[in-house]
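**Student:**
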Amino acid sequence: MVRQEGGRWDVGIKDKAVYLERVSDGDERVFDDSLDSGEARKLAELLTKFADKLDNDDEEEDEDGDGEDEDDEDDEGDADAEDEGSEDSERH
């Protein structure tokens, strides 16, 4: 699946249907479609299902990482300052 950076989704009602349009950062139409109300609801359910799955996967990863972070929090002193510095260096 190709991911589009930036851009926007435009959603509205047009000709008694739900109109869906993806517009790029450069204001070029990438995708457009019209859905009846039933199709729109099914699409909404599907999007919600996959968004929930993604959130659950992220939570599981966070739980794995949190266990390690709890040990770090128990340490007192300069360890927290060192951790913050190492995070900054990883971002660069």
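Residue numbers for the sequence shown follow the UniProt record's numbering, beginning at 1 and rising by one. No residue lacks a Cβ here, since even glycine has one placed at the ideal position from N, Cα and C.
(1) If we ignore side chains and look at the alpha-carbon of each, how far apart do Asp25 and Leu54 end up?
(2) Give me the Cα-Cα distance between Asp15 and Asp64, rounded to the nearest whole angstrom.
(3) Just how far apart, CA to CA, sit Phe31 and Gly7?
(4) On the premise that Val18 lies in contact with Ala40, defined as a C-beta separation below 8 Å, what is that separation, rounded to the nearest angstrom?
(5) Quick one, which of Asp62, Ile13, Asp58 has its alpha-carbon nearest Asp35's?
(6) Using a threshold of 8 Å, state whether the C-beta atoms of Asp33 and Leu46 are closer than that.
**Tutor:** Short version:
(1) Cα to Cα, the separation comes out at about 25 Å.
(2) Take the alpha-carbon of Asp15 and the one of Asp64: they are about 49 Å apart.
(3) Whole-angstrom Cα-Cα distance: 11 Å.
(4) Contact flag correct, Cβ pair sits at about 4 Å.
(5) Note that residue 35 is Leu in the sequence shown, not Asp. In terms of Cα proximity to Leu35, the closest of Asp62, Ile13, Asp58 is Ile13.
(6) Their beta carbons are not under 8 Å apart, which means Asp33 does not touch Leu46 by this criterion.
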